[in-house]
Every structure is written in structure tokens, then in C-alpha cells.
Amino acid sequence: MPEMDIEKFVNAPGRDEQVKEVRAKIDALGVEYIYLQFVSVTGKIMGKGIPADHWERIAKKGFQLVYGATVNLFTNRHGDYLGYGPEAAELVGIPEPETMMQLPWEPKIARFYCTLFRNREEPEDPGAFLTADCRGNLRRLHDEFQNKHGLQLRMGTEPEMMWLKRGEDGKPAGGFSKPFCYHIDQFESLRPVYMKVIEYARKMGLDMIQGDHEDAPGQLELNWEFDDVLKNADRLSTYRQICAQVAREFNLIACFMSKPFMGVSASGCHHNLSLWRGGEQSFRRVGNDPHNLPGMKDNYMYTVGGENTFMPDSDNPRMPGKVGLMAIGGIVNHLRALTAVGSSTVNSYRRLWDTGFWAPVFADWGFQNRTTGLRVSAPGRFEYRSVDSMVNPYLMGSVILAAVRDGIENNLDPGEPEERNIYEAIQAGKDVRKLPMSLGEALEALANDEIIQGGMPGEMYRLYHEYKTDEWERFMHTVSDWDQEEYIDCLP
Numbered sequence: 011m012p013e014m015d016i017e018k019f020v021n022a023p024g025r026d027e028q029v030k031e032v033r034a035k036i037d038a039l040g041v042e043y044i045y046l047q048f049v050s051v052t053g054k055i056m057g058k059g060i061p062a063d064h065w066e067r068i069a070k071k072g073f074q075l076v077y078g079a080t081v082n083l084f085t086n087r088h089g090d091y092l093g094y095g096p097e098a099a100e101l102v103g104i105p106e107p108e109t110m111m112q113l114p115w116e117p118k119i120a121r122f123y124c125t126l127f128r129n130r131e132e133p134e135d136p137g138a139f140l141t142a143d144c145r146g147n148l149r150r151l152h153d154e155f156q157n158k159h160g161l162q163l164r165m166g167t168e169p170e171m172m173w174l175k176r177g178e179d180g181k182p183a184g185g186f187s188k189p190f191c192y193h194i195d196q197f198e199s200l201r202p203v204y205m206k207v208i209e210y211a212r213k214m215g216l217d218m219i220q221g222d223h224e225d226a227p228g229q230l231e232l233n234w235e236f237d238d239v240l241k242n243a244d245r246l247s248t249y250r251q252i253c254a255q256v257a258r259e260f261n262l263i264a265c266f267m268s269k270p271f272m273g274v275s276a277s278g279c280h281h282n283l284s285l286w287r288g289g290e291q292s293f294r295r296v297g298n299d300p301h302n303l304p305g306m307k308d309n310y311m312y313t314v315g316g317e318n319t320f321m322p323d324s325d326n327p328r329m330p331g332k333v334g335l336m337a338i339g340g341i342v343n344h345l346r347a348l349t350a351v352g353s354s355t356v357n358s359y360r361r362l363w364d365t366g367f368w369a370p371v372f373a374d375w376g377f378q379n380r381t382t383g384l385r386v387s388a389p390g391r392f393e394y395r396s397v398d399s400m401v402n403p404y405l406m407g408s409v410i411l412a413a414v415r416d417g418i419e420n421n422l423d424p425g426e427p428e429e430r431n432i433y434e435a436i437q438a439g440k441d442v443r444k445l446p447m448s449l450g451e452a453l454e455a456l457a458n459d460e461i462i463q464g465g466m467p468g469e470m471y472r473l474y475h476e477y478k479t480d481e482w483e484r485f486m487h488t489v490s491d492w493d494q495e496e497y498i499d500c501l502p
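The following block contains the structure:
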């Protein structure tokens, strides 16, 4: 009988040594409790906690949890559990030793990311990788892509979010600061908050590089160095956890909802991507003593160097090389379906309807052109713009890989870059496809795009489609304040 995926994972070369290294870290740091984390289809962090005394047993056997936890254990509008019913089997989560990180706000606790598997006793595919695990899917899809094309996808994200005041009722009471973009005075007003975020982020391996106040109330963007697509997604998830903790400490709300206010900019999460050959791992100090790290060294390693295949290879310093153009061709060709993942909520489309705030609404590309869905933001990288602060970065990475792979394997032509304001180009007669303008329209585009569905393998597309279709239906099933105000006295 062939060895199960779960046993191959647990018995991987070098893992026993890592498990022992974790035990030494636990004892040296005084860690008493462990969070075993994975990521749901919507990007929510799920998992279990165990006393650190049981580390070795959990590292070998894993923990069990109902399949529905990958779909947040929420019910649909009919009251049925989304994705999996109560009769479904239980998954097995296996912690990854290299992801161990002591929580800087509670040193007695350490977190681990986990890979998910089907139960060892299931009649079909026992112990196989669980395709409801978006994080595990991204790792496997990226490994497959690298093995086939010799290219590594590196990603950097721009995680805008808003710091809101918390009213006496616990609900949002407006943004903490004024909506003045790049104003140091407003940035300074949030200094205690962002400095605490940066303190925690650096301790957890994020190499913070810049930050600013954006143009919505309480809106900040703090950036860290780009890296391998999976590691960057882990750091974005970590960043969100850090913001939630800092919000608790300051009695604020860390808001990742894209558009809590109309009339000001929404919170986006632009993805800057590039494809590389070669490179090596480099350790980042980020304010830590390399001989006394609060987590495993892998958390502080970044991929650097190699050949950036997006760099220009012609006399035009702005025009990407051949690989880059094919990658753009894949993304532009699939922009409508990609929007269902990048703009994943009903609220996401408030961003596209609120005019005058640079939100991308057209499936085109250009150089420094913020009116298109994709732009060459600098030589050697592309900025994917149709993505907001609610994105699941693991799903986004996976479907971008699917689009890029299609572009490379089928030599897709992106067409000429649009250097005009896209609205002026349309007035001049250019035929440009519009991006979906509602979640329902985006889900329909995704349902008609098998290539992008390929970035959501196995159970993943079914689960995502079911979850988001229910979200759209619940919205359509709701009478809002707008309905009341618009129609309550409309007749006679």
C-alpha cells in the first residue's frame, strides 16, 4: 500500500530534528501553550490550542477538527452548515515546526501554521492532502509551477486598513484620524498604534520598510519586504492578527472591511508580483538577536537575488521582457474571474462604484496608469489592482499563478499598454471590457473560467462558490436602510 501524504509529510527528511529544535525553543522561551493555526476559505485564521507539554505527540499525530472549520463553521441562509454537514469526517492538522513563533504580546504562547489532511481512516483518499486547505494548495501549486517552469512567484502586498474609534456600544464611531493622505500630522496622531504594530511585526519576522497615512479616516498602510508568495501570505495573515491585538490594547477597531465609508477611498491590498529564476535565502535581523530568536529561524528568512524575468529586455526601459508580457497576457485575459477572489465581498464593490478614488474598473493594463486593473508599477514588477483588504492572500496567490501559467504556456498577448486615462480611451472609441461591478457578476465570471478554477483545486472551488453565493443571496435577501428611505413613501 503506498505511503499516505500525511505520513510522507510527518516522515520528511530533517523534520525530526526540527521537532527537537522546537522543544528546545519551547523550554528556553518558557512557552506554555501553543496555537495550531490554519486559514479558512475566506482568510479567517482557525485552529486549536494545546499545552506545550504535548508538542511531540501533536507534531507526530496532529490534531482533529471538523471539515466545516475550513468554511468558518458558518451556516447559510437556510440554516445549513456551509461546505460540510455534521456527518462529514474530521480533518487532521499537522503543525509545521519551521513556522513556530512566540507571540510578542503573550510570551507564554507560540503559534504554528499547519498543513491539513484527510483523516487516516477515511475510505477514499485516506491521509491525502486536504484540498479545502487554501494554504496547502498554494504551496503545492507553487511547487508544481516552479518544477515545470523553473520560475518562482514573489509577491509584495500593500495592506491598507482603517483604525476606527470604538463607541460605548462597541460599534464603530468614525475613523481615528482625518482623511488627509500622506499628512505626517495625521500619521503622528496614530503613532502609538502603528509603532506597537511595527514592534510586534518585526519580532515576528516582518521586515518593515515603509508606511504612511492614506486618504480615508484612520487609514494606514504599513509595508514589509516582498518574498516568496506563500511566505508573503503568511506574513499578511500574521499582520492582521497583530492589528487585531493592537486594537484590543488601544480599545480601537482594526477594520479590514474595504469600504466602511462612502465618499473617501476604500482599503485596497494591491499585489505586486514578479517571476524569478534562482536566488537564495537571506536572514533578516529586523531588530532581533540572531542567537536568541523568539521563533524558528525560517520566519526571518527572505528569498533574494536571482534573475527577475519581468525586467525589460528591449530598448524600451518600461516594457517588460517576454516572460513578463506573457504573464500580463494571462492576467489581463482572466481579470474578470480573478476579481471574484480579489474583490471577494458584497462590500468590495462599493469601492468600484464610488467614483473619483482611483479604484480599477477596467480589464486592461498600462505603465504608471492607475485607471487599469494591472499596471507596471516599476521596472521588474506588476501591480495587480483589483484586490482589496478583505482578500484571502492564499487563494489570490493560487489564482494569479493559474492566470500566469496560462499566459506562459499559451503565449498570450496582452495587447498594447494603455497610457491614456482609460475613460478618455473609451471616449476615443477603445473597446475595453469592464470588470464585474457586483459580487454576483464576479461569481458568474469565475463560474465561466475553468483556468482560474484550476487555481482552486479539488474541493476548493465548490466551497468558495457555495460560501460566496450564499453571501450574495443573503445580501439580496435583505431589506436595507436605503430600501426604507427610497421606497417607504414612494406611492401614492
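Just so you know, we're using the numbering used here here: the sequence shown kicks off at 11 and counts up by one.
Glycine included, every Cβ here is placed at the ideal spot set by N, Cα and C.
Only a predicted model underlies this, so the values are computations on that prediction, with no experimental measurement involved.
Would you say the segment 446-459 touches the segment 345-361, given that touching needs at least three Cβ pairs under 8 Å?
-> yes
Would you say residue 29 and residue 69 are within 8 Å of each other, going by their C-beta atoms?
-> Residue mapping note: residue 29 aligns to position 19 of the sequence shown, counting from 1. Residue mapping note: residue 69 aligns to position 59 of the sequence shown, counting from 1. Going by C-beta atoms, residue 29 is nearer than 8 Å to residue 69.
Span separating the alpha-carbon of residue 161 from that of residue 239 | Here residue 161 refers to the residue found at position 151 when the sequence shown is read from its first residue. Here residue 239 refers to the residue found at position 229 when the sequence shown is read from its first residue. The straight-line gap from Cα to Cα measures roughly 12 Å.
For residue 31, which of 76, 17, 86, 108 has the nearest alpha-carbon?
-> The residue labelled residue 31 in the question sits at position 21 within the sequence shown. Out of 76, 17, 86, 108, 108 has the C-alpha closest to the C-alpha of residue 31.
Just reading off the alpha helix (DSSP H) that residue 474 is part of, what are its end residues?
-> In the sequence shown, the residue the question calls residue 474 occupies position 464. Start and end: 470-486.
Using the beta-carbon count (16 or more within 10 Å), is residue 446 buried or exposed?
-> Taking the first residue of the sequence shown as 1, we reach residue 446 at position 436. With a threshold of 16 other beta carbon atoms within 10 Å, residue 446 meets it and is buried.
Give the straight-line distance between the Cα atoms of residue 375 and residue 384, rounded to the nearest whole angstrom.
-> To locate residue 375, count along the sequence shown from 1; it is residue 365. To locate residue 384, count along the sequence shown from 1; it is residue 374. Going from the Cα of residue 375 to the Cα of residue 384 covers about 5 Å.
Whole-Å CB distance - residue 137 paired with residue 122, under 8 Å assumed = Here residue 137 is taken as the residue at index 127 of the sequence shown, counted from 1. Here residue 122 is taken as the residue at index 112 of the sequence shown, counted from 1. That belief does not hold up - the Cβ atoms of residue 137 and residue 122 are roughly 20 Å apart, past 8 Å.
Counting only the same chain and skipping the five closest in sequence on each side, list residues whose C-beta sits under 6 Å from that of residue 318.
-> If you number the sequence shown from 1, residue 318 lands on position 308. Result list for residue 318: 284, 286, 390, in chain order.
For the ligand FAD, any of its heavy atoms closer than 7 Å to the Cβ of residue 270?
-> The ligand FAD is not part of the structure shown, which contains no ligands of any sort.
Please determine if the segment 216-228 and the segment 183-199 are in contact, where contact requires at least 3 C-beta pairs separated by less than 8 Å.
-> yes
What runs of the beta strand (DSSP E), each 3 residues or longer, lie entirely inside the segment 382-412?
-> 384-388, 391-394
So residue 443 and residue 377 are in contact, right, with Cβ under 8 Å, and what is the actual spacing, rounded?
-> Here residue 443 refers to the residue found at position 433 of the sequence shown. Here residue 377 refers to the residue found at position 367 of the sequence shown. No, residue 443 and residue 377 are not in contact; Cβ-Cβ is about 20 Å, not under 8 Å.
Identify which residue in 351, 198, 39 has its Cα closest to the Cα of residue 394.
-> For the purposes of this step, residue 394 is identified with residue 384 of the sequence shown, where counting begins at 1. The residue from 351, 198, 39 with its alpha-carbon nearest to that of residue 394 is 351.
From the DSSP output, which residues share a beta bridge with residue 173?
-> Counted from its first residue, the sequence shown places residue 173 at position 163. The partner list for residue 173 (beta bridge, DSSP) reads 264.
Give me the Cα-Cα distance between residue 461 and residue 495, rounded to the nearest whole angstrom.
-> On the sequence shown, residue 461 is found 451 positions in, with the first residue counted as 1. On the sequence shown, residue 495 is found 485 positions in, with the first residue counted as 1. Their Cα atoms are separated by approximately 43 Å.
Considering only the beta carbon of each residue, do residue 253 and residue 171 sit closer than 8 Å?
-> Here residue 253 is taken as the residue at index 243 of the sequence shown, counted from 1. Here residue 171 is taken as the residue at index 161 of the sequence shown, counted from 1. Closer than 8 Å, so yes.
Strand pairing of residue 104, partner residues [DSSP] = Within the sequence shown, residue 104 is the residue found at index 94, counting from 1. Bridge partners of residue 104: 125.
Pairwise C-alpha distance: residue 152 and residue 158 | Position 148 of the sequence shown holds residue 158. Position 142 of the sequence shown holds residue 152. Answer to the nearest angstrom: the Cα atoms are 10 Å apart.
For residue 43, three-class secondary structure by DSSP = As a working mapping, residue 43 is identified with position 33 in the sequence shown. In this structure, residue 43 counts as strand in the three-state DSSP scheme.
Length of the line joining the Cα atoms of residue 186 and residue 326 | Sequence index remark: in the sequence shown, residue 186 carries index 176 (1-based). Sequence index remark: in the sequence shown, residue 326 carries index 316 (1-based). The alpha-carbon atoms of residue 186 and residue 326 are separated by roughly 45 Å.
What is the residue span of the alpha helix (DSSP H) that residue 492 lies within?
-> Within the sequence shown, numbered from 1, the residue matching residue 492 stands at position 482. Note, residue 492: alpha helix (DSSP H), 491-497.
Pair within 8 Å by beta-carbon distance, residue 36 and residue 60 = Here residue 36 corresponds to residue number 26 of the sequence shown, with the count starting at 1. Here residue 60 corresponds to residue number 50 of the sequence shown, with the count starting at 1. Their beta carbons are not under 8 Å apart, which means residue 36 does not touch residue 60 by this criterion.
Exposure label - residue 134; buried when at least 16 CB within 10 Å = For the purposes of this step, residue 134 is identified with residue 124 of the sequence shown, where counting begins at 1. Exposed is the call here.
Residues in its own chain within less than 6 Å of residue 349 by CB, not counting five upstream and five downstream?
-> Along the sequence shown, one-based indexing puts residue 349 at 339. If we look at residue 349 and ignore the five residues flanking it on each side, its Cβ neighbours are 396, 445, 446, 452.
Rounded straight-line distance, which links the Cα of residue 51 to that of residue 65 | The count along the sequence shown starts at 1 and reaches residue 65 at position 55. The count along the sequence shown starts at 1 and reaches residue 51 at position 41. In a straight line, the C-alpha of residue 65 is about 27 Å away from that of residue 51.
What are the residues that DSSP puts in a beta bridge with residue 465?
-> For this step, residue 465 is matched to residue 455 along the sequence shown. In the DSSP secondary-structure assignment, residue 465 is not bridged to any residue.
What first and last residue would you give for the beta strand (DSSP E) that runs through residue 59?
-> What you label residue 59 is simply residue 49 of the sequence shown in a count that begins at 1. Taken as a continuous stretch (DSSP letters only), the beta strand (DSSP E) holding residue 59 covers 55-61.
Could you give the distance in angstroms between the alpha-carbon of residue 273 and the alpha-carbon of residue 289?
-> Working through the sequence shown from its first residue, we reach residue 273 at position 263. Working through the sequence shown from its first residue, we reach residue 289 at position 279. Taking the Cα positions, residue 273 is about 44 Å away from residue 289.
In or out: residue 489 buried (at least 16 other Cβ within 10 Å) or exposed?
-> In the sequence shown, residue 489 corresponds to position 479, counting from 1. Residue 489 comes out exposed.
Just curious, the beta strand (DSSP E) that residue 184 is in, first and last residue?
-> By 1-based counting over the sequence shown, the position of residue 184 is 174. Unbroken beta strand (DSSP E) run through residue 184: 182-185.
Could you name the residues of the same chain whose beta carbon sits closer than 6 Å to that of residue 414, not counting the 5 residues immediately before and after it, in chain order?
-> Counted from its first residue, the sequence shown places residue 414 at position 404. Here the set comprises 337, 340.
Of the choices 202, 174, 180, whose alpha-carbon is the least far from that of residue 228?
-> Position 218 of the sequence shown, counted from the first residue, corresponds to residue 228. Per the C-alpha coordinates, the member of 202, 174, 180 positioned closest to residue 228 is 174.
List the endpoints of the continuous alpha helix (DSSP H) containing residue 314.
-> Position 304 of the sequence shown, counted from the start, is the residue given in the question as residue 314. Careful: residue 314 lies outside any alpha helix (DSSP H), inside the beta strand (DSSP E) at 311-314.
Please work out which residues of its chain come closer than 8 Å, Cβ to Cβ, to residue 87, disregarding the five sequence neighbours upstream and downstream, and give them in chain order.
-> Along the sequence shown, read from residue 1 onward, the residue named residue 87 stands at position 77. These residues qualify, in order along the chain: 480, 483, 484, 487.
Could you tell me which residues DSSP pairs with residue 162 in its beta bridges?
-> Position 152 of the sequence shown holds residue 162. Residue 162 is bridged to 286.
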